[in-house]
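Chemist: Got a structure here, written out as structure tokens. Questions coming.
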Amino acid sequence: ENFEAAIRTLPQVLECSLVTGVDADYQLKVVVPDMDHYQKLLLGHLTRIEGVTSVRSSFVLNQVLNSTELPLTHLRS
Numbered sequence: 053e054n055f056e057a058a059i060r061t062l063p064q065v066l067e068c069s070l071v072t073g074v075d076a077d078y079q080l081k082v083v084v085p086d087m088d089h090y091q092k093l094l095l096g097h098l099t100r101i102e103g104v105t106s107v108r109s110s111f112v113l114n115q116v117l118n119s120t121e122l123p124l125t126h127l128r129s
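Each residue of the sequence shown is one higher than the one before, counting from 53 in my numbering.
Here it is as structure tokens:
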């Protein structure tokens, strides 16, 4: 609850999902202008949240597909 409340205060965080099946409890999608801002977010905020014991980061190198379309036509009977 403390983690989720803290995450809600960070405008850089676009998405926060409680996940299973991986080596993490939460997965965040953040947007920052550069690595300096990411470092400030990570060290100044994320790692200071009570209960956060480790952080794993991955970065998008190239966005192959980005769509908001939700094609549901295959669900029709």
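Yeah, the Cβ is synthetic: ideal placement off N, Cα and C, and Gly gets one too.
#1: Could you check how far apart the C-beta atoms of Gln79 and Val71 are, in whole angstroms? I think they sit under 8 Å.
#2: Could you check which residue in His126, Glu102 and Met87 has the C-alpha nearest to that of Ser110?
#3: Quick one: using the 10 Å Cβ neighbour count with 16 as the cut-off for buried, is Leu98 buried or exposed?
#4: Below 8 Å on the Cβ atoms is my guess for Phe55 versus Gly96; work out the distance and round it to an integer in Å.
#5: Is the Cβ-Cβ distance between Val112 and Leu94 less than 8 Å?
Modeler: Concretely, from the data shown:
#1: For the purposes of this step, residue 79 is taken as the residue at position 27 of the sequence shown. For the purposes of this step, residue 71 is taken as the residue at position 19 of the sequence shown. Contact holds; Cβ gap of about 5 Å.
#2: The count along the sequence shown starts at 1 and reaches residue 110 at position 58. Taking the Cα of Ser110 as reference, the smallest distance to any Cα among His126, Glu102 and Met87 is reached at Met87.
#3: Counting from 1 along the sequence shown, the entry for residue 98 is found at position 46. Under this definition Leu98 is a buried residue.
#4: In the sequence shown, residue 55 corresponds to position 3, counting from 1. In the sequence shown, residue 96 corresponds to position 44, counting from 1. The C-beta separation of Phe55 from Gly96 comes to about 16 Å, leaving the pair out of contact by the 8 Å criterion.
#5: Translated into the one-based positions of the sequence shown, residue 112 becomes position 60. Translated into the one-based positions of the sequence shown, residue 94 becomes position 42. In terms of Cβ geometry, Val112 and Leu94 do not form a close pair [threshold 8 Å].
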